[in-house]
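For our numbering, add 565 to where a residue sits in the sequence shown, where the first one is 1. Ideal Cβ placement from N, Cα and C applies to all residues, glycine included. Bear in mind the structure is a predicted one, so any value in this text is a computation, not a measurement.
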Amino acid sequence: MPGLKVGVIPVTPFSQNCTLIWDEGTKQAVVIDPGGDVARILAAIERQGLDVRALWLTHGHLDHAGGAMDLRDQLNARPDRAPVEIVGPDTRDDMLLQGLQAQGEMFGVSGLRNVTPDRWLAEGDQVSVGPHVFDILHCPGHTPGHVVFVNHAAKFAQVGDVLFQGSVGRTDFPYGDHEALIDAIKSKLLPLGDEFAFICGHGPNSTIGTERRTNPFIQ
C-alpha cells in the first residue's frame, strides 16, 4: 500500500486485533478498535513516532472499544498535539457503548469506561488519515451498528468482527442477526473484489477472494 502503513497490536484476553494505520510521509495516524491494554498501544505509537489524530471504532463490544476513553485522554494530555477524537461506529451501537462498564463486570474486566463518540458514522460517510480516504460501510448482524472501513486505492479494509478467515462474526446475542450479517458480507464486502485484503477483529488476515472460495459460511 504505497504511503499507507498498517500494524496490528493484539490486545485484551480476547486477542483482538487493534490496528494502527498511518501515512508514511506525514506520520498522521489513527487507531482502530483500542479495546484495552492501552500502555501497549501507546508504546507501539511511540515506537513508530506517530501523530494519532483519531480513534475509529467498528462496533461497541468491550474488546474493541473498552480502552477508547483512556487512550483518548492520554493522547490528549500530550502537549502540542492536535485533539484526538473518537469516531464511529453507527449510532445503533450506542446501547453497547453505554454498557461497556457493565460488559466488563460480566467478564471480570475492571476499569472500563462507557464511550460517547465525538462523531457517529453511517453508510456512505468517509474518514481519512493523511491523504488516505476510507469509505464507511454499515454491516450489521454481529452488532446493529457495526461499520467497516474501506480504502479503495489500496484495496484494503478493516472489517472488525464481520468476516474472518474461514468464519464470520457471532450472531448469538439478543441483538444479533445472522441473516443480516451474511447479507452484508455478500452484498457489500464480496463486491469489493477478490484482490482486496482485510484485517479482521481476531485471527489472521485474509483476502476477499480467499473467503469467497473457501469460507463455508458464505458459499
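Worksheet item: His626 by DSSP, collapsed to three states: which one?
Response: Working through the sequence shown from its first residue, we reach residue 626 at position 61. Looking at His626 - three-state DSSP - the assignment turns out to be coil, as it is neither helix nor strand.
Worksheet item: Glu688: which of Val715, Gly673 and Phe672 sits nearest, CA to CA?
Response: Your numbering for residue 688 matches position 123 in the sequence shown. Nearest of Val715, Gly673 and Phe672 to Glu688, Cα basis: Val715.
Fill in: Candidates Ala647, Arg684 and Gly601, of which the one nearest Gln578 by Cα
In the sequence shown, residue 578 corresponds to position 13, counting from 1. Note that residue 578 is Pro in the sequence shown, not Gln. Checking every option, the nearest Cα to that of Pro578 belongs to Gly601.
Item to complete: Run the CB neighbour count on Gly791, radius 10 Å, all protein chains shown included, and call it buried at 16 or more, exposed below.
Response: Residue 791 is absent from the structure shown; the chain starts at 566 and stops at 784.
Worksheet item: From Tyr740 to Ala633, what distance separates their C-alpha atoms?
Response: Working through the sequence shown from its first residue, we reach residue 740 at position 175. Working through the sequence shown from its first residue, we reach residue 633 at position 68. The alpha-carbon atoms of Tyr740 and Ala633 are separated by roughly 23 Å.
Worksheet item: What is the DSSP secondary structure of Leu755, reduced to helix, strand or coil?
Response: By 1-based counting over the sequence shown, the position of residue 755 is 190. Reduced to three states, the DSSP call for Leu755 is helix.
Discussion item. Quick check on DSSP: helix, strand or coil for Val649?
Written reply: Here residue 649 refers to the residue found at position 84 when the sequence shown is read from its first residue. Three-state result, Val649: coil.
Practice prompt. Report buried or exposed for Val698, applying the criterion of at least 16 other Cβ atoms within 10 angstroms of its Cβ.
Written response: Counted from its first residue, the sequence shown places residue 698 at position 133. The residue in question, Val698, is exposed, as its Cβ has fewer than 16 Cβ neighbours within 10 Å.
Worksheet item: Where do the N-terminal and C-terminal ends of the beta strand (DSSP E) with Asn582 fall, by residue?
Response: Sequence index remark: in the sequence shown, residue 582 carries index 17 (1-based). Where Asn582 is concerned, the enclosing beta strand (DSSP E) stretches over Gln581 to Asp588.
Discussion item. Let me check understanding here. Comparing Cα to Cα, which of Thr656, Ile773, Trp587 and Asn679 lies closest to Leu728?
Written reply: Taking the first residue of the sequence shown as position 1, residue 728 is located at position 163. The shortest C-alpha separation from Leu728 is found at Ile773.
Worksheet item: Cα separation between Asp588 and Ala749?
Response: In the sequence shown, counting from the first residue as 1, residue 588 sits at position 23. In the sequence shown, counting from the first residue as 1, residue 749 sits at position 184. Whole-angstrom Cα-Cα distance: 29 Å.
Worksheet item: Asp598 and Gly734: beta carbons closer than 8 Å?
Response: Along the sequence shown, read from residue 1 onward, the residue named residue 598 stands at position 33. Along the sequence shown, read from residue 1 onward, the residue named residue 734 stands at position 169. No, the pair does not count as a contact, with Cβ atoms beyond the cut-off.
Worksheet item: Contact check, Thr584 vs Val573 under 8 Å by CB: the rounded distance?
Response: Taking the first residue of the sequence shown as position 1, residue 584 is located at position 19. Taking the first residue of the sequence shown as position 1, residue 573 is located at position 8. Indeed, because the Cβ distance is near 6 Å, the residues count as touching under 8 Å.
Item to complete: Assuming Ile586 contacts Val694 (C-beta within less than 8 Å), just tell me the rounded distance between them.
Response: Residue numbering aside, residue 586 sits at position 21 when the sequence shown is read from its first letter. Residue numbering aside, residue 694 sits at position 129 when the sequence shown is read from its first letter. Right, their Cβ atoms sit about 6 Å apart.
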